[in-house]
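Chains as they are written, first to last, in the working numbering: chain A, 13 to 313; chain B, 13 to 313; chain C, 13 to 313; chain D, 13 to 313.
Just so it is clear, CB atoms sit at the ideal spot from N, CA and C, and this is done for glycine as well.
Here's the structure we're looking at; comments come further down.
There are 4 protein chains.
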Amino acid sequence: MANVFGDKWSFTSFGESHGAAIGGILDGVPAGLHIDFDMIRKELERRAGKGNKGASPRAKNEPDEVEWLSGVMDGVTLGTPIAFLIRNKDARPEDYEWLKHTYRPGHADKTYEQKYGIRDWRGGGRASARETAGRVVAGCIAKQALRLKGIAIHAALIQVGAETDPDKFAETIAAYQKDGDSIGGIIECHISGVPAGTGEPIFNKLQAELAFAVMSINACKGFEYGTGFGGVTKPGSEINHLSGGIAGGIADGTDIVFRCVFKPTPSTPKAGVKGRHDACVATRAVPVVEAMTALALINLI
Amino acid sequence: MANVFGDKWSFTSFGESHGAAIGGILDGVPAGLHIDFDMIRKELERRAGKGNKGASPRAKNEPDEVEWLSGVMDGVTLGTPIAFLIRNKDARPEDYEWLKHTYRPGHADKTYEQKYGIRDWRGGGRASARETAGRVVAGCIAKQALRLKGIAIHAALIQVGAETDPDKFAETIAAYQKDGDSIGGIIECHISGVPAGTGEPIFNKLQAELAFAVMSINACKGFEYGTGFGGVTKPGSEINHLSGGIAGGIADGTDIVFRCVFKPTPSTPKAGVKGRHDACVATRAVPVVEAMTALALINLI
Amino acid sequence: MANVFGDKWSFTSFGESHGAAIGGILDGVPAGLHIDFDMIRKELERRAGKGNKGASPRAKNEPDEVEWLSGVMDGVTLGTPIAFLIRNKDARPEDYEWLKHTYRPGHADKTYEQKYGIRDWRGGGRASARETAGRVVAGCIAKQALRLKGIAIHAALIQVGAETDPDKFAETIAAYQKDGDSIGGIIECHISGVPAGTGEPIFNKLQAELAFAVMSINACKGFEYGTGFGGVTKPGSEINHLSGGIAGGIADGTDIVFRCVFKPTPSTPKAGVKGRHDACVATRAVPVVEAMTALALINLI
Amino acid sequence: MANVFGDKWSFTSFGESHGAAIGGILDGVPAGLHIDFDMIRKELERRAGKGNKGASPRAKNEPDEVEWLSGVMDGVTLGTPIAFLIRNKDARPEDYEWLKHTYRPGHADKTYEQKYGIRDWRGGGRASARETAGRVVAGCIAKQALRLKGIAIHAALIQVGAETDPDKFAETIAAYQKDGDSIGGIIECHISGVPAGTGEPIFNKLQAELAFAVMSINACKGFEYGTGFGGVTKPGSEINHLSGGIAGGIADGTDIVFRCVFKPTPSTPKAGVKGRHDACVATRAVPVVEAMTALALINLI
């Protein structure tokens, strides 16, 4: 079940980047939840990079309009599966005709063919970051349910390249873009309100579930929480009191903080790849990190 | 199913540190595999810290003898569930009587009680690192099956505190131990022979499955692969060719390398906790990292 | 995951009878399968009761046009999730306005409300037999894959009321319809070509999986295979050689035969329920039984 | 996960009939449940056929002593996995030496070998009815939890051969036993107290889950509920009000009644098979039917 996330609120994702549509089914949502469609629209715009200088033109030009197919009546969930789709309006397969016989370095073109013996070469097909739009829709519904339980998730970019001053991120990204290059970034995510006792003690530790959710996002290369990698140089006597909100895999009721790192996109003019791309994908990954965090949490609560 | 890892080779773990026994059931192992019991014994000794200066005396004194209950006939697997147990011979619950009403900082004592309303206070109960012995047994069988497919997993400690020279690790650990303190470490794991095409492209990306497996080990605070966190300062033009063995969640046939970080144990004389403990748990985590990596891989292949 | 069938070829179903659409996602289909769309169209017509005297007018008037959203390119599967939908063109919610405050006897109106506290009252909502159209689409793809492995599934009505002569079924049904009443039926299903060794020996016995699949169809009240209920009066010495194609939960390579019984629809003029209904739902259940059998088998092979 | 039943209270079964032990792990049991060990002992005796004339001598001579390995402290559940085993004390593999090269008709000897290429020939190995002792232990714990919610399960033999008078069952069985033959039986199970709303509407219908659970018992050839197969001759106008306790897959709060049929054992003196066997396995299946019903229900509630 390689396209399903979660077993309580289970989200099944579908869609190729330049096929008819992308979307998914969110099953397990209890009846009676009022959906805030406006919040979903805004999160999709955030993912699409509206207002970001370095975002791909396609993402900005193609408003992601969600078509709701089932599970919701008069804006209220029925307890039945919520199916939705987003049409690929701006699909221009002919732009990608050259990809039919080319494997872009750093992309999944070749591994898809190794796995399936066939691939949808049109714009990355299923491997395109476009797939994350469905995650954002499902994650928004999860966030809305979590909010009713007093749980808030807030992610933000804390580093771009070597730069750690958020006021200088736009400038840094613009420099790489101008240079026909790309750059990575680190996102930090704060979670408040998780009830003590959340998480499972052995394999499904809270941190393992969060890592799994976040590492499933394209271009994510690492995950750490609490004292993380930096804590390796500190003796126990100094850092023992820093739980990072989790002990033995179970939330202790305090805030949880984790960080994750996103690599630069490999498709750049400098790498000889023309087309519509992002100079810093980490920027647009922020709402996706929040969405996956929400889906991971709602499945544990 | 919070005590189950994997859905093809599925390992169900059981046992409290000072109950009758710990162990598990490994289901999904194909018939006809010859079990190398000697290798399992050695890996359990490695986990127990035999030969390590900083390891807990209990671990060293209590040889982990595996009792095989089912699924194996004349040393060959039957295709049926393999159940095994390891008795807790050296269980001394009375040593832990004081824990009945105490929550040790940095331990899961309190979160278990928050979750269940009850806990086995004897030596950490289910949260004890002793539980990982079962993982090592199951992981060994997975490793043996992987080896037949030409897949090798090799993990090693690459950093202890600020020290990165392996020849000086024993010395570094001894210094912290003498000081009644503890220290963290970083483990690096190399995997060779994974067939191109292994892994699933969306949620069950190979890196997400590895992160989930490794982050489920007690005291692990972070996971990274390929360029990891350090890669954030490098532009795409410099690091695009570094796949880390995975593209789009799918193995590309080259070696996979990941790193994970383990925090220092919180139970130290310096922290006022008497008893039998490890100065650097990362040392003993090495075979557990290999075991969990093997279990993650065998479920994807 | 209450709307998912199967864990290898997993089918997630969605849709309310009078919402925007019904449909599903079929995940796990290997890449490279050529879809026979014509066969799917025919099976949907069979389910819709085209040519049946006693079938509901809606079913016959509303051709079920499948819109393919993903997973298929140029008629060939990509190995990615296959999403599809069927629009509810003939949705006439106003016809069902009276159901808003009424629970029809023998229907799920009340239990849905007991479960969810809310329900889509429009024509049965999610409980409508219309949901089975999605099963037929998914089942057809499974059947096509099974056919390539030499496995054939053939179901047929073998009894309507007390009548066991197929030539007289239409007549029998017409009599009940004229009387404003309804009648049940028994379907027998033959499966050939299942490889010896298929099925799992303990809980997921082949017969248990088939029973689960078939008993999940609306109105099905019983399942039996091999000697079934009738065999109770026969001593072991007489029926021991009749395996029914399965021993110990595992196929023995011979043909498998099972039977299932469908109750009469409760919504009839005689019961005071106006609207568009079937005099013998068992007739239309035949392709659904085949579809569910195919989905059960493909998940075991 | 072919040896696992249920995903909330999940029971993993292990053990060959003449290996070291049989048993299992029951995961998902909430903390704080007081285990009634006496009831478990009695149910195991009932399964063993204590007091039954036609039961196998081994079953009666070998008291099934449960050894508890984890998950229980001072008779109270900890919320962690409950592992237990029953040693095969009376294992006499030499009695079965002749089976090494023989496939008994009507048994799973051959299909196991077809599936695995290897089999434990000692007394049926994993396919032996002895495996059901583990189900009874797990089912008893489920029953105890259900009882606290006001749910009661009561199964009884209602037919042996053509005989439907319970007072004459012992006599009927004795006649077949004397004749070196065997006979089947029908068990009826009544469930009271299931809360309205239990069950899932599409694939995991309450009746489908019950059928799956019961059809997974060795020798079970059919399942029916409510009006069952017999209802086929009755028009809707007569039987519409008979819900059988379930509508649309969801419990309506009234009693649920189902029946299942067990075939005669194929191993009889008449069939040329010497050894220790039962003349009517349906007798001993009664507590197993209750156990599987309890496990199915607890996973839905």
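A straight-line Cα-Cα distance of about 8 Å links C/A231 and C/A294. A Cβ of chain B is located within less than 8 Å of the beta carbon of A/A220. Within the stretch 19-44 of chain A, contact with chain C at the beta-carbon level (separation under 9 Å) is assigned to D19, K20, S22, T24, S25, F26, G27, E28, G31, A32, A33, I34, G35, G36, I37, D39, G40, P42, A43 and G44.
Within the stretch 106-181 of chain A, complete alpha helix (DSSP H) segments of at least 4 residues are found at 121-128 and 144-160, given in chain order.
Sequence-ordered contacts of the stretch 114-134 of chain D with chain C read P117, G118, H119, A120, K122, T123, Y124, Q126 and K127 [C-beta pairs closer than 7 Å]. Ranked by how close their Cα comes to the Cα of D/I52, the residues D/V148, D/M85, D/T144 and D/T305 have D/V148 in first place. Taking a C-beta distance under 8 Å as the contact criterion, B/L222 and B/T210 do not qualify as a contact pair. Counting along the chain, no alpha helix (DSSP H) covers B/K282, and no H or E run does either. By DSSP's assignment, D/V16 forms a beta bridge with D/T24. Contacts with chain C at 8 Å (Cβ-Cβ) include A/R138.
At the C-beta level, D/G260 and C/A120 come within 8 Å of one another. In this chain, D/L90 is not harboured by any beta strand (DSSP E), its DSSP state being neither H nor E. In this structure, A/V16 lies away from A/T144, with their beta-carbon atoms at least 8 Å apart. Taking C-alpha positions only, C/V226 is separated from C/L56 by approximately 18 Å. Contact annotation: A/A33 and C/L81 have beta-carbon atoms nearer than 8 Å. Taking one beta carbon from each stretch, the stretch 265-281 of chain D and the stretch 235-253 of chain C have 3 or more pairs nearer than 8 Å; the two touch.
If you check the CB distance, B/A297 and B/I198 do not come in under 8 Å. C/I262 carries a strand assignment under DSSP once its states are collapsed to helix, strand and coil. Annotation: A/T239 to A/R271 spans about 10 Å, alpha carbon to alpha carbon. Inclusion of B/G196 and B/T280 in the CB contact set at 8 Å is not warranted, their separation being larger than that value. Listed as beta-bridge partners of C/L97 by DSSP are C/G35 and C/E79. Linking B/E28 to B/N216 through their CA atoms gives a straight-line distance of about 30 Å. Residue environment for C/D86: exposed (fewer than 16 other C-beta atoms within 10 angstroms of its C-beta). Rounded to the nearest angstrom, the gap between the Cα atoms of C/C292 and D/A291 is 41 Å. Closer than 7 Å at the C-beta level to chain B, one finds these residues of the stretch 161-189 of chain A: Q171, G173, A174 and Y188. What D/V16 touches in chain C, judged by beta-carbon distance under 8 Å, is F215, going in chain order. For D/K282, the neighbours in chain C by C-beta distance under 7 Å run, in chain order, S249. Judged by beta-carbon spacing, A/I203 lies within the 8 Å limit of A/D267, meaning their Cβ atoms are closer than that value.
For B/V88, the nearest beta carbon of chain D is closer than 8 Å to its own beta carbon.
Put simply, the CB of B/D193 is near chain A, with a gap under 8 Å to one of its CB atoms. Taking a 10 Å sphere around the C-beta of B/K286, we find fewer than 16 other C-beta atoms and assign the residue as exposed.
Listed along chain B, the residues sitting closer than 8 Å to D/W80 by beta-carbon distance are A32.
For A/G44, same chain residues with a beta-carbon under 8 Å away, outside a window of 5 residues either side, are V88, T89 and G91 in chain order.
Counting the other CB atoms within 10 Å of its CB gives D/W110 a total below 16, which places it among the exposed residues.
Residue environment: B/H30 is assigned as buried (16 or more neighbouring CB atoms within 10 Å of its CB, all protein chains considered).
Exposed is the label assigned to A/K20, since fewer than 16 other Cβ atoms lie within 10 Å of its Cβ.
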